[in-house]
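Engineer: Numbering (our numbering), first residue to last: 247 to 418.
We put the beta carbon where it would ideally sit given N, CA and C, even for glycine.
All figures in this text were calculated on a predicted structure; none of them were measured in a lab.
I'd like to ask some things about the structure below.
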Amino acid sequence: MLRLLLPLLSCLPLAASADGYSSAPGDRVTLGHEGLSLSAPDASAGAALPFGSPFHASMAALTTVLGHEFSVYLPEECPAGPVVVASFPRTLDLIYQEDRLVGWMLRPGSDLTTQAGVGIGSPVEALGGLVGLEVFDSSLGWEFRAGGLSGLLSDAAGSVDHLWSGTVCIFR
């Protein structure tokens, strides 16, 4: 399936915002509770990739920044129903339903963060500034929810081990 997608992705125009921003290698990907955002390294220009963004447009923009090393798969089961996952190794999984971006999950070892700097390895204290922080023991381990983000902690007072937002395939 990947071989079929790569030619399509290379022919698509890059995602552009109303002010003319187009993603480029070296740009920054920032995680958010409503999707992702892209920006130039100096933050002089950027564009949002909100949940609901079409598959081809979001993948064209993200492969420009994250590279063309990714896989696409269809999980056999997902509590949210049928989804397609585009996985960038060591970085990010993007979840799509009906050709629309509906969620993201950080991959272990990813260095992507939210605008507030929250990412894999962030101490639980870094979550304190997020709206409505809840930390609780679940069947998955020490889980948290805050400001539209969710994830798992190494322990109740530890660091962020997993981080996601939107619709994801999590079994409780």
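DSSP three-state label for L277, please.
Structural biologist: Reduced to three states, the DSSP call for L277 is strand.
Engineer: Thinking just about the alpha-carbon of each residue, which of L395, P325, V331 and Y342 is nearest to the one in S299?
Structural biologist: With distances taken between Cα atoms, S299 lies closest to Y342.
Engineer: Grouping DSSP H, G and I as helix and E and B as strand, with all else coil, what is S268?
Structural biologist: Of the three classes helix, strand and coil, the one that applies to S268 here is strand, per DSSP.
Engineer: What span of residues does the beta strand (DSSP E) with F301 cover, start to end?
Structural biologist: Here F301 belongs to no beta strand (DSSP E); instead the alpha helix (DSSP H) covers F301 to L312.
Engineer: How long is the line joining the alpha carbons of M305 and E315, rounded to whole angstroms?
Structural biologist: Between M305 and E315, the C-alpha separation is close to 12 Å.
Engineer: I need the straight-line Cα distance from W388 to G281, nearest angstrom please.
Structural biologist: If you take the alpha carbons of W388 and G281, they lie about 24 Å apart.
Engineer: Taking C-beta to C-beta, are V370 and A403 nearer than 8 Å?
Structural biologist: Contact: yes.
Engineer: Buried or exposed for A289, going by 16 or more other Cβ atoms inside 10 Å?
Structural biologist: Under this definition A289 is an exposed residue.
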